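Shown next, in structure tokens, is the structure this report addresses.
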Amino acid sequence: MNVLVFASSPNKDGLTEECAQAAAEGIRSAGASAEIVYLNDEDIGSCQACGRGWGTCRDEHYCQVDDGFQAVHEKAGQADGYVVVNPVYFGQLSESAKACFDRLRRCEATRGDESALGGKPAIGVAAAGGSGGGIVSCLDEMSRLFAHLRCSVFDMITVTQKTRAYKPAAIREAAAAMAASLSEE
Ligand SMILES: Cc1cc2nc3c(=O)[nH]c(=O)nc-3n(C[C@H](O)[C@H](O)[C@H](O)COP(=O)(O)O)c2cc1C
294 MNVLVFASSP NKDGLTEECA QAAAEGIRSA GASAEIVYLN DEDIGSCQAC
344 GRGWGTCRDE HYCQVDDGFQ AVHEKAGQAD GYVVVNPVYF GQLSESAKAC
394 FDRLRRCEAT RGDESALGGK PAIGVAAAGG SGGGIVSCLD EMSRLFAHLR
444 CSVFDMITVT QKTRAYKPAA IREAAAAMAA SLSEE
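Going left to right, the sequence shown walks through residues 294 to 478 as this note's numbering numbers them.
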């Protein structure tokens, strides 16, 4: 079993990284493999809304923009589960997460129940390192994303500066439980 951990902060020494590492540890502790995908390193540009709004994503379920997205798309389809760890930016997903997931959603939501991510479990983590404001709207955005991708929500977790001391342990446990549930299937 292989679980992808998406980390969408440019920083490798901050709150997002701490949460992503906690998730990876939990997954591995349950005997599954974990790969952290650093979306800021993947050279993924924005959707170009080609074809008057719907391009190859709608009918052929691939994105015609040829960049780092293609490899991430393939990897996502092959994975058994997902943890999305996102730093809260303006109460929303960060730019690298938006760029990747907007395109992934177009390609896979248009398959309906045949989505390559369909039925696979997912955990969302909103890491709000500032005031903590906007954490709920960020989780709501992730919740809509998971619904469009037909993922099965396993948990949705918030982390702020005030909860940073104990939430990584919760992320670790949640990721371990999700990975364990995969091998029970
Ligand atoms: C452009 C930008 C917008 C941000 N907006 C929010 C916000 O709405 N709420 C919040 O609590 N923190 C906000 N922050 C702080 C980030 O959530 C914080 O930098 C992030 O959790 C830290 O993650 P990192 O250490 O992995 O970079 C913002 C940061 C940036 C750079």
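Ideal Cβ positions, reconstructed from N, Cα and C, are used throughout, including at glycine.
On a predicted model such as this, the values are computed, not experimentally measured, just so you know.
Beta-carbon gap between CYS350 and THR403 smaller than 8 angstroms: In the sequence shown, residue 350 corresponds to position 57, counting from 1. In the sequence shown, residue 403 corresponds to position 110, counting from 1. For CYS350 and THR403, yes; Cβs fall inside 8 angstroms.
C-alpha distance - VAL429 paired with VAL381, whole-angstrom precision: Residue numbering aside, residue 429 sits at position 136 when the sequence shown is read from its first letter. Residue numbering aside, residue 381 sits at position 88 when the sequence shown is read from its first letter. Their backbone Cα atoms lie some 10 angstroms apart in a straight line.
Extent of the continuous beta strand (DSSP E) to which ASP360 belongs: Position 67 of the sequence shown, counted from the start, is the residue given in the question as residue 360. Unbroken run through ASP360: none, as it is neither H nor E.
Residues passing the C-beta test against ligand 1 heavy atoms, cut-off 6 angstroms: SER302, ASN304, GLY307, LEU308, THR309, GLU310, PRO380, VAL381, TYR382, PHE383, GLY384, ALA420, ALA421, GLY422, GLY423, SER424, GLY425, GLY426 and GLY427
Alpha carbon of ASP395 to alpha carbon of SER389, nearest angstrom: Along the sequence shown, read from residue 1 onward, the residue named residue 395 stands at position 102. Along the sequence shown, read from residue 1 onward, the residue named residue 389 stands at position 96. Taking the straight line from one Cα to the other gives about 10 angstroms.
contact_flag[the segment 434–449, the segment 403–418] where n(CB pairs < 8 angstroms) is 3 or more: yes
Test item: CB-CB of LEU432 and ALA419 under 8 angstroms: The residue you call residue 432 lines up with position 139 of the sequence shown. The residue you call residue 419 lines up with position 126 of the sequence shown. In contact: LEU432 and ALA419 (Cβ atoms closer than 8 angstroms).
Cβ-Cβ separation, ILE464 to ALA315 (assumed contact under 8 angstroms), whole Å: Position 22 of the sequence shown holds residue 315. Position 171 of the sequence shown holds residue 464. Yes, ALA315 and ILE464 are in contact; Cβ-Cβ is about 4 angstroms, under 8 angstroms.
Option nearest GLY384 by Cα separation, candidates GLU353, ALA313 and ALA421: Stepping through the sequence shown from its first residue, residue 384 is reached at position 91. Ranking GLU353, ALA313 and ALA421 by Cα distance to GLY384 puts ALA421 first.
Among GLU401, VAL365, VAL330 and LEU332, the one whose alpha carbon lies nearest that of LEU438: On the sequence shown, position 145 is the one that residue 438 refers to. For LEU438, the nearest C-alpha among the options comes from GLU401.
Per DSSP, the bridge partner or partners of LEU297: The residue labelled residue 297 in the question sits at position 4 within the sequence shown. GLU328 and TYR375, per the DSSP bridge assignment.
Inter-residue spacing [alpha-carbon to alpha-carbon] between PRO303 and VAL358: One-based indexing of the sequence shown puts residue 303 at position 10. One-based indexing of the sequence shown puts residue 358 at position 65. Roughly 22 angstroms separates the two Cα atoms.
Terminal residues of the beta strand (DSSP E) in which VAL452 lies: Against the sequence shown, residue 452 aligns to sequence position 159. Its beta strand (DSSP E) spans residues 445–453.
CB contact flag (ALA472, GLY374, <8 angstroms): The residue given as residue 472 occupies position 179 in the sequence shown. The residue given as residue 374 occupies position 81 in the sequence shown. Cβ distance < 8 angstroms, so ALA472 and GLY374 count as in contact.
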